[in-house]
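Everything below concerns the one structure shown next.
Structural data, given as C-alpha cells:
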C-alpha cells in the first residue's frame, strides 16, 4: 500500500508530531510506502481563490466550483494543487492527523480540503457515497483533543466524538466514497502524562497495522465517473 499522511500541526515537538513519526516508522517497517503532506512545514496556503487556476472560465464572475471543474478538464490547476492531487491519486489510503481546535480541524486542513478535493477531481454530481470517485481508497482520522473522553459522550459537554467529526468523516470522506476507518482519538492528550501518551502511541501503531493488513480496497472505481457541469443551482452558492 501507499499511504498519504496529511499532517496539520505547526509544532514539530507536539504530540501530534510524535503520532506522525510513529505512523511514518510503522508504515515503513511494514514494507509499505508513505508520503507526508506537512501543511505547516510546506507553507500550504489554505485560502481559495483565483490563483488556484492557470486560467479562468469566467473572468466576469468568479464561481469557485465551476472554475475547479474547468481546471480539471484542461489540467489548469496551480502547481501547489497539482502536487497534492498527485499525492492523493497515488495513495491507497489517506491518514488525516490533526488536533481538534474549536470543534474542528485547523483552518489549514479545512483549506486543504476546500482547494485540493476539488470538483471534477474528488467529486462530481451523481457520484457520491457508495458511488463516490474515491471508492478505491481507505482513510483514517487521527485526532488529538484537549478535552477528556468523558466530555465527548452523549451526555458530556461536547457531545459524542462522532457528531463532532461528522463534517469531516461523513460529509467529506464518506461523501467521496472513501472507505473510512473508525477514527483514532487521543483524548486529553495534554493531560494524560508521558505514560498515557506512550499508551496512545502503542495503540496507534496497532491501528495502523490493522489498516495495512486490509490492503487496498478491492474493486474500487476511483475517479471512474465522467466530468459534468455543476448543477445550475450551485452557481448561486
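Numbering (the numbering used here), first residue to last: 22 to 258. Every residue, glycine too, gets a C-beta built ideally from N, C-alpha and C.
Contact annotation: residue 197 and residue 143 have beta-carbon atoms nearer than 9 Å. One Cα belongs to residue 74, the other to residue 99, and the distance between them is close to 5 Å. In this structure, the beta-carbon distance from residue 37 to residue 119 falls below 9 Å.
Taking the Cα positions, residue 192 is about 20 Å away from residue 26. DSSP places residue 54 outside any alpha helix (DSSP H); the residue lies instead in the beta strand (DSSP E), whose first and last residues are 54 to 59. Per DSSP, the unbroken alpha helix (DSSP H) holding residue 87 starts and ends at 85 to 95. When the five nearest sequence neighbours on each side are left out, the beta carbons in the same chain lying within less than 7 Å of the beta carbon of residue 31 are those of 61, in order along the chain. Distances from the alpha-carbon of residue 63 to those of 72, 48 and 130 put 130 closest. Our two residues, residue 225 and residue 76, have alpha carbons roughly 43 Å apart in a direct line. Between residue 189 and residue 126, the C-beta spacing is below 9 Å. Every alpha helix (DSSP H) stretch that sits fully inside the segment 174 to 223 and reaches 4 residues is listed by chain position as 182 to 185.
Measuring C-alpha to C-alpha distances from residue 162 to each of 23, 22 and 29 identifies 29 as the nearest. Taking C-beta atoms as the reference points, residue 167 and residue 178 fail to come closer than 9 Å. Between residue 153 and residue 22 a beta carbon distance of about 19 Å is seen, past the 8 Å cut, so the two are scored as non-contacting. Taken through DSSP and simplified to helix, strand or coil, residue 148 comes out as strand. Between residue 45 and residue 159 a beta carbon distance of about 17 Å is seen, past the 8 Å cut, so the two are scored as non-contacting.
Closest option to residue 231, judged by alpha-carbon separation, among 39, 35, 41 and 48: 48.
Burial check for residue 113: the Cβ neighbour count within 10 Å reaches 16 or more, so the residue is buried.
Put simply, the backbone Cα of residue 81 is about 43 Å away from that of residue 41.
Of the residues assessed, residue 150 falls on the exposed side of the cut-off, its CB having fewer than 16 other CB atoms within 10 angstroms. For residue 128, the closest C-alpha among the options 68, 116, 111 and 89 is that of 68. Closest in C-alpha terms to residue 203, from the list 184, 123, 135 and 71, comes 184.
In this structure, residue 93 keeps its C-beta atom at 9 Å or more from the C-beta atom of residue 165.
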